[in-house]
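Here the structure comes first, spelled out in structure tokens, and everything after it is commentary.
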């Protein structure tokens with residue numbers, strides 16, 4: 001039987017904390033966070049409280065399936081999140097930038113800029 005047009009169709013099996021497995025169809029452009037969100041929606045869990053783990057590695061949920069380096073029919077596991085993806089620890093802190101340039105007469109020009 002031939003592969004469907006467009007190809008690249010894969011599936012992943014996710015083991016939820018309640019012991020149930022959920023199979024999610026993925027395309028190369030599917031973001032791993034979408035896999036987690038779909039599983040959580042089906043199993044009635046909060047996606048912000050869980051990460052996905054493959055073997056012993058916690059996955060980066062911002063990656064697309066094609067860049068996650070996972071095999072077809074991979075078996076993933078939902079694990080409690082080790083640190084929150086939301087909140088102040090993930091906020092960007094803007095700090096002033098100090099720049100110094102030496103002039104042709106060997107004098108230093110310094111300036112501090114706000115980002």
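Numbering (the UniProt record's numbering), first residue to last: 1 to 115. Backbone N, C-alpha and C fix where the C-beta goes; we use that ideal spot for every residue, glycine too.
Inter-residue distance for residue 76 and residue 62 is about 16 angstroms (C-alpha atoms, whole angstroms).
Distance check between residue 79 and each of 67, 11, 71, 18 places 18 closest, using alpha-carbon atoms only.
Per the C-alpha coordinates, the member of 99, 20, 12 positioned closest to residue 45 is 20.
The C-alpha of residue 15 is placed about 11 angstroms away from the C-alpha of residue 40. Sorting 66, 49, 58 by C-alpha distance to the C-alpha of residue 27 places 66 at the top. Boundaries of the beta strand (DSSP E) harbouring residue 15: 10 to 15, taken from the DSSP string.
Secondary structure of residue 58 (DSSP, three-state): strand.
One alpha carbon belongs to residue 34, the other to residue 94, and they sit about 30 angstroms apart. Ranked by Cα distance from residue 97, the options 42, 25, 109, 115 are led by 115.
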